[in-house]
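Just below is one structure, and these are the notes that go with it.
2 protein chains.
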Amino acid sequence: MASQQFEPPSGTRDFLAGALRTREHVFAAIRGVFERYGFEPVQTPAFERLETLTGKYGDEGDKLIFKILRRGEHEATGEADLALRYDMTVPLARVVASYGSQLPTPYKRYAMGPVWRADRPGKGRFREFAQCDVDVVGSASPLADAEVVCALTDALDAVGVRGYRVLVNSRQALSGLLEVYGVPADLGGGVLITLDKLSPEKVAAELVDTRSLAPDIADALVGDLTAADAVERMQTTLKDSEAGRAGLEEIGRLLQLASPKVGEDRIAFTPSLVRGLDYYTGVIFEVVAEGMPGSIASGGRYDRLISALGGPDVPACGGSLGVERIIGLLGDDEGDAHRIDVAVTVIAEDTAPEVMGFAARLRDAGMRAEVYLAASRKLAKQLKWAADRKARFALIYGASDEEAGVITVRDMDSGEQAQVPTDQLAAYLTGRCAPPR
Amino acid sequence: MASQQFEPPSGTRDFLAGALRTREHVFAAIRGVFERYGFEPVQTPAFERLETLTGKYGDEGDKLIFKILRRGEHEATGEADLALRYDMTVPLARVVASYGSQLPTPYKRYAMGPVWRADRPGKGRFREFAQCDVDVVGSASPLADAEVVCALTDALDAVGVRGYRVLVNSRQALSGLLEVYGVPADLGGGVLITLDKLSPEKVAAELVDTRSLAPDIADALVGDLTAADAVERMQTTLKDSEAGRAGLEEIGRLLQLASPKVGEDRIAFTPSLVRGLDYYTGVIFEVVAEGMPGSIASGGRYDRLISALGGPDVPACGGSLGVERIIGLLGDDEGDAHRIDVAVTVIAEDTAPEVMGFAARLRDAGMRAEVYLAASRKLAKQLKWAADRKARFALIYGASDEEAGVITVRDMDSGEQAQVPTDQLAAYLTGRCAPPR
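Chains as they are written, first to last, in UniProt numbering: chain A, 1 to 437; chain B, 1 to 437.
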């Protein structure tokens with residue numbers, strides 16, 4: 001049989017122990033931060049009703065939804081009635097709609113888990129990947145935006161990401177800018193999508209060709225956003241627009257509230273930050289880090305999204321950690337933290353029950369103890385196994401040990417051996433091994 | 001819109017914070033035990049290639065597989081190419097086949113996570129539910145069977161299940177018994193399926209009617225298995241069969257190895273334990289607990305299963321915790337452990353940045369601090385919110401506090417208030433709140 005048959009499906013991954021521990025370590029660190037902010041966890045099913053998902057992600061998004069065939073007598077229709085979760089936001093809208101009065105107000109929740117998209121698999125692009133979202137539903141306060149930014153950057157600190165910066169802008173500021181430049185409202189969305197691709201020359205060309213802006217307006221707009229003094233230009237230009245003034249104010253408020261925690265030098269108004277998704281209504285942000293393409297966290301305020309997704313009409317803001325990208329930076333955890341503490345050899349059948357008893361006592365004391373389970377009763381072979389398992393200590397219970405009421409403890413690093421009274425074994429090894437996990 | 005539209009799909013559940021914390025507490029406790037035994041975690045994708053799953057669970061099982069429609073231009077065919085994981089065992093066989101040489105020998109792994117079955121939903125029966133398996137692949141040793149039994153019962157202890165008993169039998173013993181009674185080999189599987197339903201009268205009738213046993217043999221067989229002295233009867237009867245003798249020996253060995261840990265009075269040879277699945281080849285066991293119908297853990301040795309599922313031909317044994325059933329016993333965790341430590345009120349816009357700074361310091365010290373995010377600036381309303389959130393303390397930063405360089409800390413249980421210098425806030429509250437999580 002071809003070995004390909006045993007690989008996981010295209011775009012998915014098996015996580016063996018080392019890789020899985022890295023992932024779980026990252027998720028646990030993030031969870032700890034979100035909990036300290038008072039965000040509550042929620043977990044929704046892997047699949048939703050198909051009609052809950054379709055039409056929520058645009059035509060391109062809809063094509064990427066994994067659909068589940070109807071079952072039983074309906075299977076032959078070839079129709080789907082369920083679909084795998086595509087993100088955490090549509091399920092959030094459903095949860096808010098379903099449990100509204102049971103939830104705290106505002107509802108601050110985090111969600112971590114896999115989502116599925118039938119994208120073409122590629123380097124760093126998977127069909128099953130983890131998302132990690134925080135959202136505040138039911139608060140229009142700028143404090144909510146600031147809490148989201150602080151929770152995400154705190155989580156980046158907790159998982160060891162260094163040298164990041166938070167780029168901040170506002171949809172209102174961008175709308176104000178387009179208004180000042182006389183861009184018709186119905187062109188606004190498309191213009192922002194183009195601006196999101198910022199490489200100045202290409203963008204200006206596309207604004208003229210695809211978005212029908214006059215060349216001088218396109219050049220001036222791109223010039224304003226990408227100038228070295230873009231922030232100062234915005235502060236002047238946007239004075240002429242109500243939306244622009246509101247945008248500047250909300251940006252200023254977010255910076256004021258978040259920068260004591262994030263650090264003054266790590267968060268800044270960035271006029272060229274656009275973000276293509278058209279559901280943002282207020283501040284938007286992205287976190288970028290040196291040496292990493294793209295963003296490692298992002299979000300903003302989207303006061304009309306929950307209702308657009310079928311939930312109630314409530315203000316909301318939130319953000320997402322690029323957790324797969326972050327995990328990709330960290331590598332597998334094959335380190336000391338998960339060494340076996342004690343390898344328990346079994347050199348005679350008749351002492352096996354006692355030997356298992358030793359293992360039990362060590363485990364009860366919090367140590368990681370593994371009993372030799374292969375058939376050989378040769379000590380040399382079992383010590384090789386202990387070394388392969390990276391055990392700190394090996395236990396050997398020979399006939400002379402048994403008579404003397406002791407057990408031999410071998411330090412696998414130094415090779416030194418000690419005879420320890422069997423009733424003192426756990427006490428002897430506690431402290432010599434890693435703290436209990 | 002009907003509210004049903006916002007419920008999760010039939011047979012699935014949303015887990016809000018309280019219920020999710022109970023689940024995660026249970027999974028963490030179980031994980032801790034399995035790790036101490038030296039089992040390694042693995043995580044495979046939610047879906048497998050359809051051909052990996054079909055034909056592995058029998059005709060009835062195949063009907064319960066959730067199939068995923070092909071995508072893009074192939075969607076219109078109505079065909080499926082992927083399917084949601086139905087259990088953890090077929091993915092294990094695939095992992096062993098795929099990564100053989102990278103895995104330790106024997107490969108001791110645990111897997112925890114959701115599986116999906118399109119069963120008719122009912123009380124306690126879900127279409128998305130968690131499984132929790134330990135398996136040892138590549139060891140024929142009775143120590144492996146004993147380690148599996150001990151790990152599962154240790155996990156039951158860790159999650160607080162009391163009053164359980166481990167019932168042990170052996171497929172070899174049962175085969176020997178059928179041999180002694182002259183049951184033709186080709187009837188054996190069916191006879192065992194019938195015996196698994198033990199209510200003595202019905203079973204004897206079904207053995208005659210459906211399985212074509214002679215009435216006197218059926219009665220004697222059922223009589224032997226359900227007699228008060230069934231164990232003694234087996235020890236006599238099975239002496240005449242090689243398989244029977246081997247079965248008695250493996251049962252005896254498992255009891256000898258596992259009972260020091262499990263407790264002599266909590267594990268016993270139980271001749272009437274059969275287990276319907278036909279892939280077991282050696283010892284079998286079930287854990288039952290008072291007041292709970294069915295089993296809360298089960299497993300056994302299945303030396304030919306991994307190869308039958310497409311993996312290499314290696315001996316294996318394992319078991320599974322009935323984790324949904326166990327969680328169902330425990331109820332939601334709405335307890336003190338997840339109270340908010342500190343509710344941070346915001347009574348003036350201009351001090352909001354400083355107030356957020358106080359929250360940040362408390363979080364850095366490991367406390368769970370939540371900032372008021374609604375629009376009101378009235379203290380009474382914010383203190384009501386603090387009470388609703390079950391906060392232990394509330395922070396109030398008034399104009400007079402600000403001038404004096406202090407902050408007011410209100411004990412939400414007693415109503416007492418203290419003025420604390422702002423630079424001593426974290427020290428003041430540390431120790432008064434729950435230990436950091």
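Backbone N, C-alpha and C define an ideal beta-carbon position, used for all residues, glycine too.
Tell me the DSSP secondary structure of A/Glu324 in three-state form. The answer is helix: DSSP assigns A/Glu324 an H, G or I state.
Partner residues on chain B for A/Thr89, Cβ-Cβ distance less than 9 Å: Correct list: empty, because the minimum Cβ distance to chain B is about 15 Å.
Taking three-plus beta-carbon pairs below 8 Å as touching, is the region 140–153 of chain B in contact with the region 294–304 of chain B? Segment contact: the region 140–153 of chain B against the region 294–304 of chain B, three or more CB-CB distances shorter than 8 Å; contact assigned.
Which chain A residues sit within Cβ distance under 9 Å of B/Ser139? Neighbours of B/Ser139 on chain A, chain order: Leu373, Ala374, Ala375.
Ignore the nearest five residues each way along the sequence and tell me which others in B/Ala46's own chain have a CB closer than 7 Å to its CB. Result list for B/Ala46: Leu84, Arg85, in chain order.
DSSP three-state call for B/Pro41: helix, strand or coil? B/Pro41 falls in the strand class under three-state DSSP.
Tell me whether A/Asp265 is buried or exposed, calling it buried when 16 or more other Cβ atoms sit within 10 Å of its Cβ. Around the Cβ of A/Asp265, a 10 Å sphere holds fewer than 16 other Cβ atoms; the residue is exposed.
Report yes or no: is there a C-beta of chain B within less than 7 Å of the C-beta of A/Lys261? When Cβ-Cβ separations below 7 Å define contact, A/Lys261 makes contact with chain B.
Under 7 Å between C-beta atoms, does A/Ser400 make it to chain B? Interface annotation, A/Ser400: not in contact with chain B, CB-CB separation never under 7 Å.
I'd like to know whether the C-beta atoms of residue 438 of chain A and A/Met367 end up nearer to each other than 7 Å. This structure does not reach residue 438 of chain A, given that chain A is present from 1 up to 437, and the question cannot be answered.
So B/Arg377 and B/Ala348 are supposed to be a Cβ contact under 8 Å. How far apart are they, rounded? Sure, about 7 Å apart at Cβ, within 8 Å.
So A/Pro114 contacts chain B; which residues on that side make the cut at Cβ distance below 9 Å? Residues of chain B whose Cβ lies closer than 9 Å to the Cβ of A/Pro114 are, in chain order, Pro45, Ala46.
Below-7 Å beta-carbon distance, B/Asp423 vs any chain A residue: For B/Asp423, the answer is no, since every Cβ of chain A falls outside 7 Å of its Cβ.
Got a sec? Which residues, its chain only, sit under 6 Å from A/Ala268 by beta carbon, not counting five neighbours each side? Close CB contacts of A/Ala268 within its chain, under the 6 Å cut and outside five residues either way in sequence, are absent.
Hey, A/Val409 and A/Ala399: beta-carbon distance below 7 Å or not? No, the Cβ-Cβ distance between A/Val409 and A/Ala399 is not below 7 Å.
Of all the options B/Phe15, B/Tyr110, B/Glu249, B/Tyr372, which has the alpha carbon lying nearest to the alpha carbon of B/Phe129? The shortest Cα separation from B/Phe129 among B/Phe15, B/Tyr110, B/Glu249, B/Tyr372 belongs to B/Phe15.
Local conformation of B/Met292 per DSSP, three classes: It is coil, neither helix nor strand.
B/Val90 vs B/Lys67 beta-carbon contact at 7 Å: It is not a contact, given that the beta carbons lie outside the stated cut-off.
For B/Phe27, which three-state DSSP category applies? When secondary structure is reduced to three states using DSSP, B/Phe27 falls in the helix class.
For A/Val159 versus A/Ala28, is the C-beta spacing smaller than 7 Å? It is not a contact, given that the beta carbons lie outside the stated cut-off.
Does the region 346–365 of chain A come within contact of the region 168–187 of chain A, defined as at least 3 CB pairs closer than 8 Å? Flag = no, the region 346–365 of chain A and the region 168–187 of chain A do not touch.
Given this structure, state the Cα-to-Cα distance separating B/Phe126 from B/Met292, to the nearest angstrom. For B/Phe126 and B/Met292, the distance between alpha carbons rounds to 18 Å.
Find the nearest neighbour of A/Asp186 within the set A/Arg109, A/Ser212, A/Glu402, judged by alpha-carbon distance. Here the closest residue by C-alpha is A/Ser212.
Pick out whichever of B/Pro215, B/Phe34, B/Ile284, B/Ala214 has its Cα sitting closest to the Cα of B/Glu250. It is B/Ile284 whose Cα lies nearest to the Cα of B/Glu250.
Sorted by chain position, which residues of the same chain lie with C-beta nearer than 7 Å to B/Gly405's C-beta, five sequence neighbours on each side aside? Apart from sequence neighbours up to five positions away, the residues of its chain that approach B/Gly405 with a beta-carbon distance below 7 Å are Pro421, Thr422, ordered along the chain.
Are the C-beta of A/Met356 and some C-beta of chain B separated by less than 7 Å? Among the residues facing chain B, A/Met356 is included, as its CB has a counterpart in that chain under 7 Å away.
Does any residue of chain A have a CB that is nearer than 7 Å to the CB of B/Asp14? True, the Cβ-Cβ gap to chain A drops below 7 Å.
Comparing the C-beta of A/Leu330 with each C-beta of chain B, is any distance below 7 Å? It does not: the Cβ of A/Leu330 has no partner Cβ on chain B nearer than 7 Å.
Taking the C-alpha atoms as reference points, what is the distance between B/Glu416 and B/Arg339? Cα-Cα distance, rounded: 19 Å.
Does B/Ala337 have its Cβ less than 7 Å from a Cβ in chain A? Because the pLDDT of B/Ala337 is 49, which lies under 50, any placement of that residue in the model is unreliable, and the question is left without a value.
Chain-ordered residues of the region 96–107 of chain A with a beta carbon less than 8 Å from chain B: Ala97, Ser98, Tyr99, Gln102, Leu103, Pro104, Thr105, Pro106: these are the residues of the region 96–107 of chain A whose beta carbon lies less than 8 Å from some beta carbon of chain B, given in chain order.
Leaving aside the five residues before and after B/Asp270 along the sequence, list all residues of the same chain whose C-beta is less than 7 Å from its C-beta, in chain order. Checking the sequence, you will find Thr at residue 270 of chain B rather than Asp. Excluding the 5 residues flanking it on each side, B/Thr270 has same chain C-beta neighbours closer than 7 Å at Leu167, Val168, Asn169, in chain order.
Local conformation of A/Thr408 per DSSP, three classes: The answer is strand: DSSP assigns A/Thr408 an E or B state.
Does DSSP classify B/Glu7 as helix, strand or coil? B/Glu7 carries a coil assignment under DSSP once its states are collapsed to helix, strand and coil.
Given a cut-off of 7 Å, decide if A/Leu373 and B/Ala144 are closer than it, judged by their beta-carbon atoms. With respect to A/Leu373, B/Ala144 sits close: the two C-beta atoms are nearer than 7 Å.
Of the residues A/Asp157, A/Val191, A/Phe358, A/Gly311, the one placed nearest A/Ile396, counting alpha carbons only: Distances from the CA of A/Ile396 to each of A/Asp157, A/Val191, A/Phe358, A/Gly311 were compared; the closest alpha carbon is that of A/Phe358.
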